[in-house]
Amino acid sequence: MSSKLIKELNKYYLSPQIDLLVNDDTVEVAKLLPKINYIHTFSYQKKLDNQWLQEKNIIKNIFKKYDLSINLTSSDRSVIYALLAANTSISAIEKDNKKSWWKKILLTNYYYFDFNNHILCNNLESLNLLEINYENSLPSIPVSNRAIDNIKSKLRKYGIANFVIFHPSAQYKYKIYPQHLRDELIGYLNKLGIPILITGSRNSIDAEIKKELPLLSNVFDLIGETNL
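First residue of the sequence shown: 1, per UniProt numbering; consecutive thereafter.
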């Protein structure tokens, strides 16, 4: 989601050092991005185990280490990280002033996260604030031939040519479809007569979903098997 932004920053600032701070369940995707120097991670599991230790370590690693910080979400925690990381900070914020008033005061610059716009377009708003011109096109994330061959091999194994992908997971548990409704939806999809590929990562949330999947004739469980 941030590859275009990173590409344009790298071009404009003539190959600067670019670091990322991402949730640990998205780090494998982040590793695919070119021109990245280092990836810091935040873990929701570590937050449950020892929140203050994790916060201490993250702040220690990012505090005023950068000339510019750009935050792509409007969550309070991510905005605070952006403020701590650099003297010049840009972030998405909510349109609700009750939630964002303090962010407007502390951030160097900000833009409103537009839920009616595609997230890829939202992520480029910081370029407009920096007055960086860019082409209105979005590159694809590079995927290795090995990863492509691995997926093709799995499809051949099951004799699958055409298929529908169903990705039931989410970053947070509260955003995940309840199991009984998920099973009902998968049941309806199964009746289409088209192979339904269930995808997901190897994190704990997806592992739990994997255990709960119904056994149906047109449903193929590929959770944990489609990493790029």
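Even glycine gets a Cβ: it sits at the ideal position worked out from N, Cα and C.
Since we're looking at a predicted model, the values are computed, not measured.
Rank the options by C-alpha distance to the C-alpha of residue i and give the top, closest one.
i, options, result
"Ile36", "Glu28, Ile205 and Ser43", "Glu28"
"Ile151", "Leu120, Lys47, Thr226 and Ser15", "Thr226"
"Tyr188", "Phe166, Lys95 and Glu208", "Phe166"
"Asn61", "Ile90, Asp19 and Gln45", "Asp19"
"residue 249", "Leu14, Ile6 and Tyr44", "There is simply no residue 249 to check, as the chain begins at 1 and stops at 228 in what is shown."
"Ile186", "Trp102, Ser217, Tyr158 and Asp49", "Ser217"
"Arg202", "Thr26, Tyr12, Arg146 and Glu135", "Thr26"
"Ser75", "Glu184, Asn190 and Asn23", "Asn23"
Beta-carbon within less than 7 angstroms of residue i's beta-carbon, same chain only, minus the 5 sequence neighbours each way: which residues are those?
i, result
"Gln179", "Glu212"
"Glu131", "none"
"Asp206", "Ser169, Gly200, Ile223 and Gly224"
"Asn122", "Ala92, Phe113 and Asp114"
"Ser78", "Asn71"
"Thr73", "Ala92"
"Trp52", "none"
"Lys47", "Gln54"
"Lys95", "Tyr112"
Only counting the same chain, and skipping five residues up and downstream in sequence, which positions put a Cβ closer than 6 angstroms to that of residue i?
i, result
"Arg182", "Pro168"
"Gln17", "Asn37"
"Asn10", "Lys35"
"Thr88", "Leu68 and Thr108"
"Lys175", "none"
In this structure, how does DSSP classify residue i when only helix, strand and coil are distinguished?
i, result
"Tyr134", "coil"
"Ser74", "coil"
"Asn12", "The residue you asked about is not Asn; residue 12 is Tyr in the sequence shown. Reduced to three states, the DSSP call for Tyr12 is helix."
"His40", "strand"
"Asn23", "strand"
"Leu68", "strand"
"Ser204", "helix"
"Ile160", "coil"
"Gln17", "coil"
"Ser126", "helix"
"Gly187", "helix"
"Tyr177", "coil"
"Lys56", "helix"
"residue 236", "The first residue shown for the chain is 1 and the last is 228, placing residue 236 beyond what the model contains."
"Val79", "helix"
"Ser153", "helix"
"Leu120", "helix"
"Asn227", "coil"
"Lys95", "coil"
"Val143", "coil"
Across which residues does DSSP place residue i in a beta bridge pair?
i, result
"Asn109", "Ile90"
"Ile198", "Phe166 and Asp221"
Using 8 angstroms for Cβ pairs, my map puts residue i next to residue j. What's the rounded Cβ distance?
i, j, result
"Ala85", "Lys65", "7 angstroms"
"Val219", "Ile194", "With 8 angstroms as the limit, Val219 and Ile194 do not qualify as a contact, their Cβ atoms being about 11 angstroms apart."
"Glu208", "Leu127", "Contact doesn't hold; Cβ gap of about 38 angstroms is too wide."
"Ile90", "Leu129", "6 angstroms"
Once you ignore the five residues that flank residue i on each side, which residues in its own chain have a CB closer than 8 angstroms to its CB?
i, result
"Leu155", "Ala161 and Phe163"
"Glu125", "Ala92 and Tyr111"
"Ile58", "Leu21, His40, Phe42 and Tyr81"
"Asn1", "Checking the sequence, you will find Met at residue 1 rather than Asn. Leu72, Ile119, Leu120 and Asn123, listed in sequence order."
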